[in-house]
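Protein chains: 2
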Amino acid sequence: MLSPYGLDIIESCFTCKLRADRLFCDLPAGALQSFESIKYATAYPKGAVLFVEGQAPRGIYVLCKGRVKLSICSTDGKTLILKVAEPGEVLGLSASVSGKAYELTAETLDPCQVNFVKREDFLRFLKEHGEACLRVAEQLSEKYNSACHEIRSLGLSHSAAEKLAKLLLDWTAKNGEAAKVEPRLKLALTHEEIAQMIGTSRETVTRLFADLKKRQIVQAKGSTLLIRNKAALKQIASAS
Amino acid sequence: MLSPYGLDIIESCFTCKLRADRLFCDLPAGALQSFESIKYATAYPKGAVLFVEGQAPRGIYVLCKGRVKLSICSTDGKTLILKVAEPGEVLGLSASVSGKAYELTAETLDPCQVNFVKREDFLRFLKEHGEACLRVAEQLSEKYNSACHEIRSLGLSHSAAEKLAKLLLDWTAKNGEAAKVEPRLKLALTHEEIAQMIGTSRETVTRLFADLKKRQIVQAKGSTLLIRNKAALKQIASAS
DNA sequence: ACCAGGTTGTGATCCGTATCACGCAGCTAG
DNA sequence: CTAGCTGCGTGATACGGATCACAACCTGGT
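Protein chains in written order, with our numbering: chain A, 25 to 264; chain B, 25 to 264.
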């Protein structure tokens, strides 16, 4: 198979290494076979838009490789990044199930491989495969859960410092660096994007980082961040 | 059957008038029969707590009668009301599906009738009835959708005036008064609770109402609110 | 009728952070 | 090499709304 945009294409779900530990992908053989027959394996370059908030749902996108930025956008141009999706996640799921417009905009941050399934095909698939339908319910619960977390952080944790600290701790947890005393993490996003994740302005993010550095809580090493004082960060994150 | 807390108990899902237009309740006869056999019809007084954020999921609560306040709460006591659930909604669904803790707290605002189903029974029921499972997926999509709306309003529409205007318009829409030029609506919540719905302080809500009245946009008639200038309200709601 | 507890109205003050307005560094392309 | 673009660092200012502190209400209960 071709390797556009510098990707190594994953040929089939059966041989995919991620399958076991991903919520949706780990289907029984029968269902997976049937899924393979309706999916379109596609590749996107960095910066491609999979779907835009407000569009009628065309279908679902199972992310196999690369990261996808999920955001929501106001009429006057302000953007809020909800999360960055990782391989194994199903995008556009809830819109495809309910038939309502996509709630978010999905844009690739890296070159990505994606399995696309048309909405009609997908709904038929769900009717025929009860097990898959349960998986979908689980995925949706997952999404609902993280939406609730987002709401909590936007609506309750008022100060921007608090939100930034929470975000940093979240990231270390995802990178499997949580256990370490001084976790490292790569800042793959610009200050502007981080600001959009916590609903604040770019300048504030810059100032907050400056403050954290001055207080020896974090330390920059190129584009990687070293967290020198996790306790202090947790303090800030849970400050009322 | 008894009528505790002044409720007229709905005997069975088969005879329930709401069934047809509710997402989850309108199941095929076979599934409904099976559902009837695992549900516990229960009644709650006003102010009862069905479940609390953070608890392990016991099961789902199908609301048949009355209103239930769904809220999320920070460690330092601040509360954010996400929505007020109406009959036909399924509460505690996503937690029961995923097995994670309840994301919210559910508290009755009126005397309520509720069908409770234990988690294990419910999961078994879903495995046996593929159709029901699809309904669950739809309900979850619905919930995810409204969570996204909440996020949008919390994260993007910055001014409190904007959020209040949106809330009022939402309410008129739900009451079927949307079409009218001067819709009425009953304010069943206190200023404090409204403040918790839009993530602001009680005083701000009072001030905002005072301002709307001064500008002749709304008019109070006891506990009902008359909207005199819907256009102006929409203006405020969509102001950047 | 009266008092208590919850709800509403309003002023004064203060703090966080948005916003504007720069200068500076690094990277890419002509 | 220089022009231009994008991302970062930092000051000055302004404003929305949180918070505190009371006063005026309106309930229902004894």
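The beta-carbon is built from N, C-alpha and C at its ideal position, and this holds for glycine as well.
C-alpha gap between residue i and residue j, whole angstroms
i	j	result
L26(B)	T129(A)	The predicted position of L26(B) is uncertain, since its pLDDT is 49 and thus under 50; no value can be drawn from it.
K167(B)	V92(B)	15 Å
N139(B)	V108(B)	18 Å
T224(B)	P52(A)	48 Å
I222(A)	K102(A)	12 Å
A87(A)	L193(A)	The residue asked about is misnamed: residue 87(A) is Leu in this sequence, not Ala. Each residue's alpha carbon lies about 24 Å from the other.
H215(A)	T228(A)	9 Å
L164(A)	G154(A)	15 Å
C40(A)	I175(A)	34 Å
F38(B)	A55(B)	11 Å
C136(A)	Y68(A)	5 Å
V160(A)	A80(A)	20 Å
S36(B)	D50(B)	13 Å
Q57(A)	K89(B)	44 Å
H173(B)	Q243(A)	37 Å
S95(B)	G246(A)	42 Å
A72(B)	S98(B)	20 Å
K258(B)	N169(B)	22 Å
L150(B)	S118(B)	13 Å
K238(B)	L115(A)	47 Å
A203(B)	A263(B)	22 Å
L213(A)	L236(A)	18 Å
E77(A)	K124(A)	11 Å
T132(A)	L74(A)	7 Å
K190(B)	E206(A)	45 Å
S181(A)	S61(A)	46 Å
D145(A)	I84(A)	10 Å
E162(B)	E113(B)	12 Å
N253(B)	I260(B)	11 Å
Beta-carbon neighbours of residue i, restricted to chain B and to distances below 8 Å
i	result
V76(A)	Ordered by position in chain B, no residue passes the 8 Å Cβ test against V76(A), which lies about 14 Å from the chain.
Beta bridge counterpart(s) of residue i as assigned by DSSP
i	result
V73(B)	E131(B)
K89(B)	Q137(B)
S95(B)	I105(B) and T129(B)
T248(A)	K210(A) and K245(A)
I84(B)	V141(B)
V114(A)	V86(A)
Partners in chain A for residue i, counting only beta-carbon separations shorter than 8 Å
i	result
S118(B)	L164, S165, Y168 and N169
N-terminal and C-terminal residue of the beta strand (DSSP E) that residue i is part of
i	result
Y64(B)	Y64 to Y68
Neighbouring residues, chain A, relative to residue i (Cβ below 7 Å)
i	result
R176(B)	I96
V121(B)	A161, E162 and S165
K102(B)	L180
L87(B)	Residues of chain A passing the Cβ test: none, with the nearest at roughly 17 Å.
K107(B)	The contacting residues do not exist; K107(B) stays about 11 Å from chain A at best.
K124(B)	N169
Contact list for residue i against chain A, beta-carbon separation under 9 Å
i	result
S262(B)	T99
C49(B)	Going along chain A, no residue has its Cβ under 9 Å from C49(B), so there is no contact; the nearest lies around 17 Å.
Range of the contiguous alpha helix (DSSP H) that encloses residue i
i	result
R176(B)	G154 to G179
A219(A)	H215 to I222
T184(A)	Just to set this straight, residue 184(A) is Ala in the shown sequence, not Thr. Per DSSP, A184(A) belongs to the alpha helix (DSSP H) from A184 to K198.
V229(A)	R226 to K238
A256(A)	K254 to S262
Under 9 Å by beta carbon: chain B residues contacting residue i
i	result
Y71(A)	It is Gly, not Tyr, that sits at residue 71(A) in the sequence shown. Chain B residues near G71(A): none, gap ~23 Å exceeds 9 Å.
K93(A)	Per Cβ cutoff of 9 Å: no residues; K93(A) is ~15 Å from chain B at best.
Chain-ordered neighbours of residue i on chain B, where CB pairs are closer than 7 Å
i	result
E127(A)	N169 and C172
beta-carbon residue i near the ligand ATP non-hydrogen atom, thresh 7 Å
i	result
L158(A)	No copy of the ligand ATP occurs in the structure displayed, which carries no ligand at all.
Quick one, which residues of the stretch 136-161 of chain B are near chain A if we go by CB-CB under 9 Å, in chain order? L147, L150, K151, E152, H153, G154, E155, C157, L158, V160 and A161
The stretch 222-250 of chain A: which residues have C-beta closer than 8 Å to a C-beta of chain B, in chain order? G223
Contact residues within the stretch 185-215 of chain A, judged by C-beta distance below 8 Å to chain B: none
Compile a chain-ordered list of the residues in the stretch 51-67 of chain A whose CB is closer than 7 Å to at least one CB of chain B. none
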